[in-house]
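K.L.:
Chains as they are written, first to last, in numbering that gives the first Met the number 0: chain A, 0 to 388; chain B, 0 to 335. Note that beta-carbon positions come from the ideal geometry of N, C-alpha and C, so glycine has one too.
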Amino acid sequence: MHIPSVIRFVRGLVLAVTAAALPAAAADIVGDEIVVGTVSDLSGPIALLGVPVRDGMLMRFDEANAAGGVHGRRIRLVVEDAGYDPKRAVLAARKLVQRDQAFAFIANMGTPVVMATMPIVLDAGRLHLFPFSPHSATYEPLHPLKFQNFAPYQDYMEAATRHMVRERGYERTCLLYQDDDYGLEVMKGVEKALSGLDRELIERTSYKRGATDLSSQIARLRAARCDFVVLATVVRETVAAMAEARKIGWELDMLVTASGYSAQTHELGGAAVEGLYGVSVLPHPYAEGANGQLAAWIERYRARFNAEPNVWSVMGYTLADLFVRTAEATGPELTVDAFARTLEGMEFSRDYFGSPNYRFTPEDHLGNRHGRLAQIRNGRWELITDYLQ
Amino acid sequence: MSQPIRAGAPTGARVAYTLRSLLPWVLILALAVAMLGADYALGKATLVATYAIAGLGVVIVVGQAGQIALGQAALVALGAYAQAVLVRHGVPAVLALLAGVAAGALGGALASLPARRLGGLYFGMSTLAFALIVEEALVRAEPLTHGSAGMTVAAFSILGWRADTTLAQAAVSLVAFAIAVFGCNRLLRSRHGRAWRAVRDDEVAAAACGIAPAAVKMQAFVVGGALSGLTGALYAHWIGFISPEQFGLVFSFELLMLAFIGGARRLAGAAWGALVIVVIPQAIAILRDLLPGDWARAAGLELVLFGAVIVAVVVLRPSGLAGGGARDGASGQNGA
């Protein structure tokens with residue numbers, strides 16, 4: 000190697016390492032491409048969500064690019080698979096910040112992943128948008144670059160439980176919950192609703208993520224003579240809980256959070272989950288009975304990915320749509336700060352998916368707090384209320 | 000991956016050996032900085048060094064003392080939570096670090112107790128049970144640990160200096176790793192190291208020579224636990240958020256895999272194993288970006304390729320990256 004080139008290499012290294020000693024600078028101005036990063040789960044415990052969310056986002060960004068991009072700029076989605084592991088997520092976030100120069104992070108997935116990567120994203124001056132985590136730290140305290148649009152479990156489960164108990168007059172409400180932050184958030188909401196109605200949570204029992212046998216938990220709830228059980232479960236555990244109750248001849252109403260509101264619940268559960276109540280923060284896209292726009296969207300999705308869309312695909316598409324519309328509204332001078340200030344003034348009205356209103360303000364970066372009730376009837380979810388306030 | 004130097008070698012030869020051993024690492028780091036950018040490369044270096052410290056513990060317990068340890072992540076968890084809780088209560092991070100090491104060592108001592116009655120796979124199963132107990136205890140001790148909701152951890156700081164850049168974090172981890180290697184090297188060359196290897200090679204013969212196998216195993220677990228505790232204490236700061244599920248069985252198996260990939264009988268194996276465990280998935284992620292659309296999108300692609308790399312390493316270098324191509328025989332028995 001030529002000596003001057005060695006010196007240049009060493010000088011470059013020293014400069015690079017010195018730069019790393021300083022806090023990361025914001026990637027303020029974008030060029031002819033907008034890079035959007037996501038730290039997702041494509042191979043871990045919530046890959047069931049990660050893959051369709053990614054596909055939904057890809058579809059919306061591809062549509063925007065096909066229409067000429069956002070003010071002439073193409074959007075490129077870079078997906079990193081952290082498999083729900085915060086250690087991998089930290090490295091993935093650094094790659095997206097430094098190597099890919101991501102303008103924004105969108106739909107990072109899983110609380111440990113979100114909590115580990117959020118400081119890296121914010122310190123680097125990038126947008127942290129709409130993560131899949133119930134943690135209130137995703138929107139509180141107010142930070143100019145972090146925004147959330149998923150209704151917190153605590154808020155919408157409080158409204159849903161209150162509505163169910165008040166309307167149907169249940170006397171003995173109980174809770175089956177996953178033993179993690181998700182379950183705890185739901186528990187807070189249920190307890191708050193019951194205390195507002197001057198009632199108590201009669202029994203609560205937990206399970207560890209991944210449990211397949213819930214017979215002891217169901218037996219315990221039955222022994223407590225519950226007449227209404229709130230489920231802070233995901234798909235498989237929802238089916239297991241309902242199937243176990245039916246197996247032992249226990250007929251009672253159960254209400255699951257939006258994590259159990261999925262077509263997979265009735266596809267897996269069949270007759271056992273008939274009558275199950277659920278909370279929807281975005282409706283499942285059934286082809287049968289779909290309005291014209293939704294039917295066309297479903298066809299496009301099928302053609303693009305050779306798969307049926309589900310509620311997670313709609314979520315991914317919706318998040319990407321919020322991004323595209325905000326970037327368009329920001330104008331040609333797109334900067335991180337300009338995007339954030341524009342989003343603070345945006346209101347997204349209900350669309351053909353049946354989404355809620357998303358509204359952000361300078362004082363409130365949580366776009367939605369509401370869910371609506373649905374019930375499995377004849378093998379599919381049917382919406383039975385509007386968004387509960 | 001140069002051959003280890005024998006005890007009693009002249010100082011000059013030792014220095015030359017040390018420099019020769021460090022050279023590949025300096026080159027790897029320089030290349031990584033040049034190709035990936037300093038922040039990203041130093042972020043990786045931080046995790047490699049931090050993992051490697053726990054890897055040293057596995058090398059001592061598994062490679063030197065010959066015990067099966069399936070729950071090492073629980074000891075990392077004890078260190079992480081001790082650090083996080085103490086820092087939260089205003090204890091300086093450096094003092095908390097010592098408590099993290101102590102918590103790991105104490106956990107190691109507890110985990111080794113069944114070794115007095117059990118051996119082989121049965122003892123391995125008891126370490127697995129220990130890990131499950133620790134994880135469950137961390138969930139239940141909610142007032143202290145915030146249970147499943149997890150807890151955030153502030154940046155590492157010493158006397159007002161905060162390690163909140165990747166360079167600072169890498170420096171702290173590398174210094175900690177260097178101290179750990181120095182300490183382990185001394186131990187392996189001492190009578191403790193000889194006792195560990197004697198128990199590993201033949202427990203009955205070791206007992207006949209006056210070595211108490213149960214005490215020796217406990218010593219190995221205490222040292223391994225202390226190193227895991229140190230890893231946990233640093234990990235808590237670098238990741239910034241800890242929850243019990245992060246220290247589950249997958250993490251334990253990662254640490255075990257790390258030692259076997261790197262070479263379970265050599266201290267250098269911990270560093271090489273950590274390099275593979277941390278860097279290969281990221282290298283695959285970068286190469287994946289070069290693949291055409293549908294291939295790049297395949298779910299779990301990194302995992303499959305990572306598995307293939309691990310199988311290749313195990314087949315081609317059964318004694319680990321630091322152990323040479325053939326099975327480790329007499330060479331490197333002291334593991335330096």
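1) How should Cys183 (chain B) be labelled, buried or exposed, when 16 other C-beta atoms within 10 angstroms of its C-beta is the threshold for buried?
2) Between Ala159 (chain A) and Gly277 (chain A), what straight-line distance do the alpha-carbon atoms span, to the nearest angstrom?
3) Under 7 Å Cβ to Cβ from Ala63 (chain A), same chain only, skipping five residues before and after it: list those, please.
4) Are the C-beta atoms of Pro22 (chain A) and some chain B residue less than 8 Å apart?
5) Pull up the CB-CB distance for Gly78 (chain B) and Ala232 (chain B), whole angstroms please, since I reckon it's below 8 Å.
6) With a Cβ-Cβ cutoff of 8 Å, do Leu254 (chain B) and Ala64 (chain B) count as a contact?
7) For Glu202 (chain A), does the count of other Cβ atoms within 10 angstroms reach 16, so buried, or fall short, so exposed?
8) Using a 10 Å radius around the Cβ and a threshold of 16 neighbouring Cβ atoms, would you call Thr216 (chain A) buried or exposed?
9) Going along chain B, which residues have a C-beta under 7 Å from Asp178 (chain A)?
10) Which whole-angstrom value describes the C-beta separation of Pro151 (chain A) and Glu184 (chain A), a residue pair presumed to lie in contact below a C-beta threshold of 8 Å?
11) Does DSSP put Gln236 (chain B) in a helix, in a strand, or in coil?
12) Count the C-beta pairs between the stretch 282 to 296 of chain A and the stretch 331 to 340 of chain A that are closer than 8 Å, then say yes if the count reaches three, no if not.
13) For the alpha helix (DSSP H) holding Val314 (chain B), just list the boundary residues, first then last.
14) In or out: His265 (chain A) buried (at least 16 other Cβ within 10 Å) or exposed?
15) Buried or exposed, going by whether 16 or more other CB atoms sit within 10 Å of the CB of Trp271 (chain B)?
16) Applying the 10 Å Cβ sphere with the 16-neighbour rule, what's the burial state of Asp385 (chain A)?
17) What residue from A:Arg235, A:Glu343, A:Ala289 and A:Pro85 has the CA that sits closest to Thr151 (chain B)'s CA?
18) Find the residues of chain B that neighbour Lys86 (chain A), judging by a C-beta separation of less than 7 Å, and give them in chain order.
19) Return yes when the Cβ of Ala101 (chain A) is within less than 8 Å of the Cβ of Leu95 (chain A), no when it is not.
20) Quick one: does Gly42 (chain B) have its CB under 8 Å from some CB of chain A?
21) Going along chain A in order, which residues have a C-beta closer than 7 Å to the C-beta of Tyr39 (chain B)?
22) Between the C-alpha atoms of Arg98 (chain A) and Gly42 (chain B), what's the straight-line distance to the nearest angstrom?
23) If we cut at 8 Å on Cβ distances, does Ala115 (chain A) have a partner in chain B?
24) Do three or more CB pairs link the stretch 219 to 231 of chain B to the stretch 98 to 107 of chain B at distances below 8 Å?
25) Taking only beta-carbon atoms, is Pro280 (chain B) less than 8 Å away from chain A?
26) So, for Ala329 (chain B): in the same chain, excluding its five sequence neighbours on each side, which residues have a beta-carbon less than 8 Å away from its beta-carbon?
27) I'd like to know whether the C-beta of Leu77 (chain B) is nearer than 8 Å to at least one C-beta of chain A.
28) So the candidates are A:Thr110, A:Ala223, A:Val35 and A:Met163; which of them puts its Cα closest to the Cα of Pro44 (chain A)?
29) Mind pulling the chain A residues with CB within less than 7 Å of Ser242 (chain B)?
30) Which residues mark the beginning and the end of the alpha helix (DSSP H) in which Glu134 (chain B) is found?
31) May I have the straight-line CA-CA distance separating Gly30 (chain A) from Glu332 (chain A), to the nearest angstrom?
32) My guess is that Gly366 (chain A) and Arg358 (chain A) are in contact by the Cβ rule of under 8 Å, so how many angstroms apart are they, rounded?
33) Threshold first: 4 residues or longer. Then list the alpha helix (DSSP H) segments lying entirely within the stretch 146 to 212 of chain A, N to C.
34) Pick out whichever of B:Tyr39, B:Ala267, B:Tyr16 and B:Phe155 has its Cα sitting closest to the Cα of Leu187 (chain B).
35) Can you find a C-beta in chain B that's less than 8 Å from the C-beta of Val120 (chain A)?
36) At the 8 Å Cβ level, is Leu333 (chain A) part of the contact set with chain B, yes or no?
P.N.:
Per the coordinate set shown:
1) Label assigned to Cys183 (chain B): buried.
2) Spanning the two alpha carbons is a distance of roughly 9 Å.
3) Once the five neighbours on either side are set aside, the close Cβ partners of Ala63 (chain A) are Val69, Ile74 and Val323.
4) Residue confidence is low: Pro22 (chain A) scores 48 on pLDDT, short of 50, so the model does not pin down where it sits. No coordinate-derived value is stated.
5) Taking a contact as a CB-CB distance under 8 Å, the pair Gly78 (chain B) and Ala232 (chain B) counts as one, their CB atoms being some 5 Å apart.
6) No. Outside cutoff.
7) Looking at its Cβ environment, which holds 16 or more other Cβ atoms inside 10 Å, Glu202 (chain A) is buried.
8) The question names Thr, but residue 216 (chain A) in the sequence shown is Gln. Gln216 (chain A) should be labelled buried.
9) Those within 7 Å of Asp178 (chain A) in chain B are Val138 and Ser147.
10) The pair is a contact, with the Cβ atoms about 7 Å apart (cut-off 8 Å).
11) The sequence as given places His at residue 236 (chain B); Gln does not occur at that position. Reduced to three states, the DSSP call for His236 (chain B) is helix.
12) No, the stretch 282 to 296 of chain A is not in contact with the stretch 331 to 340 of chain A.
13) Segment Leu300 to Leu315, the alpha helix (DSSP H) holding Val314 (chain B).
14) By the neighbour-count rule (16 or more Cβ atoms within 10 Å), His265 (chain A) is buried.
15) So Trp271 (chain B) ends up on the buried side.
16) Flag for Asp385 (chain A) reads exposed.
17) Minimum Cα distance to Thr151 (chain B) is reached at A:Pro85.
18) Under the 7 Å cutoff, chain B gives Leu46 and Ile238.
19) Result yes, Cβ atoms of Leu95 (chain A) and Ala101 (chain A) sit closer than 8 Å.
20) Gly42 (chain B) counts as touching chain A.
21) Listed along the chain, the chain A residues whose CB falls inside 7 Å of the CB of Tyr39 (chain B) are Arg93, Lys94, Gln97 and Arg98.
22) In a straight line, the C-alpha of Arg98 (chain A) is about 13 Å away from that of Gly42 (chain B).
23) Chain B contact via Cβ: present.
24) A contact exists between the stretch 219 to 231 of chain B and the stretch 98 to 107 of chain B.
25) Interface residue, yes.
26) Residue confidence is low: Ala329 (chain B) scores 39 on pLDDT, short of 50, so the model does not pin down where it sits. Its coordinate-derived value is still stated next. Answer for Ala329 (chain B): no residue qualifies.
27) Contacts with chain A at 8 Å (Cβ-Cβ) do not include Leu77 (chain B).
28) For the residues A:Thr110, A:Ala223, A:Val35 and A:Met163, the minimum Cα distance to Pro44 (chain A) belongs to A:Thr110.
29) Under the 7 Å cutoff, chain A gives Pro111.
30) Here the alpha helix (DSSP H) through Glu134 (chain B) covers Gly119 to Arg139.
31) Rounded to whole angstroms, Gly30 (chain A) to Glu332 (chain A) spans 10 Å at the Cα level.
32) 6 Å between Cβ atoms; contact.
33) Qualifying alpha helix (DSSP H) stretches, in chain order: 152 to 167 and 180 to 195.
34) It is B:Ala267 whose Cα lies nearest to the Cα of Leu187 (chain B).
35) No, Val120 (chain A) does not count as interfacial toward chain B.
36) Not an interface residue.
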